[in-house]
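Everything below concerns the one structure shown next.
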Amino acid sequence: MQPAIAVRELTKNYNEGTSGTVALRGVDLDVHAGELVLLMGPSGSGKTTLLSIMGCILSATSGSVRIAGKEVTCLSQKLLPAIRLEHIGFVFQGFNLFPTLTASENVELMLDLKRVPKKEAKRRAHELLDQVGLSDKYDSFPADLSGGQKQRVAIARALAGDPEIVLADEPTAALDSHTGRSVMEMMRDLAHDRGRAVVIVTHDSRVLEFADRSIRIEDGLIVQPPYGKPPVAVGAEVLTQHFVGAPSLPAFGRGGI
Amino acid sequence: MPPLAERNLLHDKVRLTVTLTGIVFAVVLIVVELGLFVGFTVTTSNLIDNSGADLWVTSKNVPYVEQGVPFSERKLYQVRAVSGVAKAEKLITRWVEWKRPDGRQESVQVVGMDVDEPLGRPWNLVQGRIDDLKRPDAIIMDEIYRQKLGVDHAEQVFEINGKRARVVGFTRGIRAFTTSPYVFTTFKRAQQYANIPDDQTVYILVKLAPGANLEQVRREILDHVKDVQVVTNHEFSRMTQVYWMFTTGAGVAVLLAAVLGLVVGFVVVAQTIYATTMDHLREFGTLKAMGAPNSYVYRVIIKQAAISAVIGYFLGMIVSIFVVHASQKGGAAILMPVPMAIGMFFLTLLMCVGAALVSINKVTRLDPAMVFKG
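Going down the list, the protein sequences come from chains A and B. The first sequence lines up with residues 30 to 286 when you count with the numbering used here. The second sequence lines up with residues 64 to 437 when you count with the numbering used here.
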């Protein structure tokens, strides 16, 4: 099965030519549809850089990234937004909702980007908000929502584009443990029930139980191989294994998997 | 598109107020300056445009209406003899001294014409009749200049160049571009006031017979009458306007003030729209991260600018109409013809959208990776 995300020999240097910082030193990673992968590691280890490159937001210094089978590292900056729009949904630590738009309008915005007609966009936005349990919050502004509700709106917005891949940056960091847990359950459902490839950057070890795999990054290298294996099927019957607490295995090659 | 631009604008009402104030200020300033320019321009050629003539016969090389040089009255009969001329009448314009009751002197432009003929007569009379000019020492002036010339009421008697002058009527809205108001009287009396010899005139106004060819009549007058310049009403009007507005620099100064208004408006709008954009930078970054092309973000910013422009324009026009209306009672007319009002709309739109380009430049260089920073 072709991975939703395939990263090979990925490097990223910042401020090239001067006193540069090497953020990624040759990373190999596959993420399949229907699995939830955690990227963990200390601050500055390169996990957000890796997420940004996989999200086609940041360009790599070298290496290869294939999104839904398409090589994206060679694409120009003008073409990358279309890849993001087509294949990737984002969930951010700070929710990044538009404070002047209602919950429904925040979701509709994504659909507008995909040129869905206004009426249809409204209907689908309501449907998505229903699915994340916010059927009574269509017309609420972000300021009137709790942190968990905001993150649910953000998830609904990420799903509005019907992406194969959902990338989340610390989605539970701004939430209390109970709300964080409910958001993670939702993220897990995205992977397992809806067959999305979900990659989450997190410092929060409490979310490990939701992961199919957890990858540790240090100094731009994957230092710990994944816990578990990629699922063999997607959808409701997806087979997942949680190996939280399993012993560390030596890294492959230059920190790949 | 969800109403992102509208909501962003309304979100910070103080900033919206500052933006609209800037636009209104710019609109009013530009309308006032352009209106003054139009008003001045129209005023410079007032006499010509309302003369009813098709052609003006002047001494050679007369550059504008106030600079006429007297020539022999015999040329009037030569002009009348040209085929295609329906009417030819004499006209005098001359600067003379007006003595107020308090002894102060003011400069006025005396305009003398044949009262029985329709060419060169005063218009917009609000008190008195043209025929009243046939009375001894009679003059007609504009009511705007009553205070300037010390006129309290009709029938008041003054001195023009030491000769009696009685105010027998008033016009409305006949402004002079210079500080010297027009004073209308008969041709004969104007000759006396201006010390022009009895057998001389300053202009001959020509009205063409129906169906006569303007150029042909002009050529024939030039062929038959020596040492004169023959210009069409439109040409003479334009020559006078160009002289006063550009040769003297008066118009350039007014236009520069209008440009200044545009610049001030541009800077205020650019600054406030830029500040609004900076406030919403993270949102624009999120939009780009979500896959919005730059053009989508530009549309949001341009829509904000366009909405500001439309609201600012209408508010500005309300103030401008009030100012224009108020100016009708003053010495300097501010005119706002319909094409100018329409043009102002597009200028305001251009100003605001142009000002938004500064913000667009900022958003173009925005790194969507910022959304992952905290």
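Where a beta carbon is used, it is the ideal one built from N, C-alpha and C, also for glycine.
Checklist entry - Excluding sequence positions up to five away, which residues of its chain have a Cβ less than 6 Å from the Cβ of residue 326 of chain B? => result none
Next on the checklist: Does residue 242 of chain A come out as helix, strand or coil in the three-state DSSP assignment?
Outcome noted: In the structure shown, the three-state DSSP call for residue 242 of chain A is strand.
Item to check | Beta-carbon spacing of residue 191 of chain B, residue 232 of chain B below 8 Å | outcome: The beta carbons of residue 191 of chain B and residue 232 of chain B sit closer together than 8 Å.
Next on the checklist: Assess contact between the segment 339-355 of chain B and the segment 137-155 of chain B, defined as three or more Cβ pairs (one per stretch) separated by less than 8 Å. Is contact present?
Outcome noted: no
Item to check | Range of the contiguous alpha helix (DSSP H) that encloses residue 94 of chain B | outcome: Looking at the DSSP string, the run of the alpha helix (DSSP H) that includes residue 94 of chain B is 76-107.
Item to check | Selected residue, minimal CA-CA separation from residue 237 of chain A, among A:67, A:40 and A:173 | outcome: A:67
Checklist entry - Taking Cβ positions only, does residue 110 of chain A come closer than 8 Å to chain B? => result yes
Checklist entry - What three-state label does DSSP hand residue 339 of chain B in the structure shown? => result In this structure, residue 339 of chain B counts as helix in the three-state DSSP scheme.
Checklist entry - Across which residues does DSSP place residue 162 of chain B in a beta bridge pair? => result Residue 162 of chain B is bridged by DSSP to B:168 and B:222.
Next on the checklist: Tell me the rounded alpha-carbon separation between residue 83 of chain A and residue 176 of chain A.
Outcome noted: 26 Å
Checklist entry - What residue range is occupied by the uninterrupted beta strand (DSSP E) comprising residue 35 of chain A? => result 34-43
Checklist entry - Quick one: complete alpha helix (DSSP H) runs, 4+ long, within the segment 65-125 of chain A? => result 76-83 and 109-116
Next on the checklist: Let me make sure I understand the geometry here. Which of B:368, B:396 and B:404 has the alpha-carbon closest to that of residue 67 of chain B?
Outcome noted: B:368
Item to check | residue 155 of chain B, buried or exposed, once every other Cβ within 10 Å from all chains shown has been counted against 16 | outcome: buried
Item to check | Beta-carbon spacing of residue 216 of chain A, residue 65 of chain A below 8 Å | outcome: yes
Next on the checklist: What does the alpha-carbon distance come out to for the pair residue 256 of chain B and residue 390 of chain B?
Outcome noted: One alpha carbon belongs to residue 256 of chain B, the other to residue 390 of chain B, and they sit about 32 Å apart.
Item to check | Proximity winner among A:207, A:185, A:87 and A:125, relative to residue 219 of chain A (alpha-carbon distances) | outcome: When only C-alpha atoms are compared, the closest one is A:185.
Next on the checklist: In the DSSP output, what is residue 438 of chain B paired with across the bridge?
Outcome noted: This structure does not reach residue 438 of chain B, given that chain B is present from 64 up to 437, and the question cannot be answered.
Next on the checklist: Residues of chain A with CB closer than 9 Å to the CB of residue 349 of chain B, please, in chain order.
Outcome noted: 119, 121, 125, 126 and 127
Item to check | Cβ neighbour criterion (16 or more within 10 Å) applied to residue 415 of chain B | outcome: buried
Checklist entry - According to the Cβ coordinates, are residue 356 of chain B and residue 110 of chain A closer than 8 Å? => result A contact, by the Cβ cut-off of 8 Å.
Checklist entry - Would you call residue 140 of chain B buried or exposed, if buried means 16 or more other Cβ atoms sit within 10 Å of its Cβ? => result exposed
Checklist entry - Is the number of C-beta pairs between the segment 119-134 of chain B and the segment 293-308 of chain B that are closer than 8 Å three or more? => result yes
Next on the checklist: Judging by CA-CA distance, which residue of B:270, B:376 and B:184 is the nearest neighbour of residue 193 of chain B?
Outcome noted: B:184
Item to check | Closest Cα partner of residue 268 of chain B within the set B:200, B:175 and B:245 | outcome: B:175
Next on the checklist: Measuring only the C-alpha atoms, how far is residue 118 of chain B from residue 297 of chain B?
Outcome noted: 9 Å
Next on the checklist: Quick test of your reading: residue 89 of chain A and residue 131 of chain A, contact by CB under 8 Å. State the CB separation rounded to the nearest angstrom.
Outcome noted: Residue 89 of chain A to residue 131 of chain A, Cβ: 37 Å. No contact.
Next on the checklist: Quick check on the DSSP output: the beta strand (DSSP E) that includes residue 204 of chain B runs from which residue to which?
Outcome noted: For residue 204 of chain B, the enclosing beta strand (DSSP E) starts and ends at 201-205.
Checklist entry - residue 74 of chain B touches chain A at which residues, Cβ-Cβ below 7 Å? => result 129
Item to check | Proximity test, Cβ basis, 8 Å: residue 71 of chain B and chain A | outcome: yes
Checklist entry - Hey, residue 194 of chain A and residue 34 of chain A are a contact pair by Cβ (cut 8 Å); roughly how many whole angstroms apart? => result 6 Å
Checklist entry - Considering only the beta carbon of each residue, do residue 253 of chain B and residue 137 of chain B sit closer than 8 Å? => result no
Next on the checklist: Against residue 83 of chain A, what residues of chain B qualify as contacts under a CB-to-CB distance less than 8 Å, listed in chain order?
Outcome noted: Going along chain B, no residue has its Cβ under 8 Å from residue 83 of chain A, so there is no contact; the nearest lies around 12 Å.
Item to check | Boundaries of the alpha helix (DSSP H) in which residue 378 of chain B is found, first to last residue | outcome: 357-390
Next on the checklist: Would the segment 109-118 of chain B count as touching the segment 257-265 of chain B if we require 3 or more Cβ pairs under 8 Å?
Outcome noted: no
Next on the checklist: Strictly under 8 Å for the Cβ-Cβ distance: is residue 65 of chain B near chain A by that measure?
Outcome noted: yes
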